[in-house]
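Heads up: the structure comes next, in structure tokens.
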Amino acid sequence: MSLLLMLGGWLIWQGRTEALADQANSRLVGEPAPEPLSLPEGEAGLRGKAPPGLPSPPEAAPKSREEKRFNRYDKDRDEVITRIELMASRSKDFKKLDTDGNNLLSFEEWAVKTSDKFAGADADKNGKLTRAEFVTTAPKRRPQAACRC
């Protein structure tokens, strides 16, 4: 008995839903589509002006890829990268440096590779990398493959 009541309620609900949908469609068919809104057009190349009394914000100079890379390592912003600053960021590369393939990376395996890279870049052997010396540590980028679209 309860099953029949549930079925009856469901059929009534479905019929009411279809009737409401038919009413909405009939209203939409008779009405024309509204005009799309358009944005006001300004002069090309001009920016809006700041309100009176407020200075315009300064333009930020774009940084080169090498400047961004150098600044990632130079944590204390003293314009030189110390050995400690360089090695602090290398923790993600432990798995790449596992020379004996035992899935364990000893500090010695890691430190040798990083120390060699630092020593090779430190041309004046003062224990610090300048921006010019740091450029030599940049990873070699592979050229982008041509699109085969």
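Quick note, the sequence shown lines up with residues 31 to 179 if you use the working numbering. Where is the CB? At the ideal position from N, CA and C, for every residue including glycine.
Taking residue i as part of the alpha helix (DSSP H), name the residues at either end of that continuous run.
i	result
G150	137-151
K98	95-103
E163	161-165
Sorted by chain position, which residues of the same chain lie with C-beta nearer than 7 Å to residue i's C-beta, five sequence neighbours on each side aside?
i	result
T160	V110
K143	L127
Y103	I111, E115, L116, S119
A153	E163
Tell me whether residue i is buried or exposed, calling it buried when 16 or more other Cβ atoms sit within 10 Å of its Cβ.
i	result
L116	buried
D146	exposed
F148	buried
F137	exposed
Identify whether residue i lies in helix, strand or coil by the three-state DSSP scheme.
i	result
L116	helix
K126	helix
Leaving out five residues before and five after residue i in sequence, what residues of the same chain have Cβ atoms less than 6 Å from its Cβ?
i	result
T166	A151
For residue i, which residues from the same chain have a beta carbon less than 8 Å from its beta carbon, with the 5 sequence-adjacent residues on both sides left out?
i	result
L134	D128
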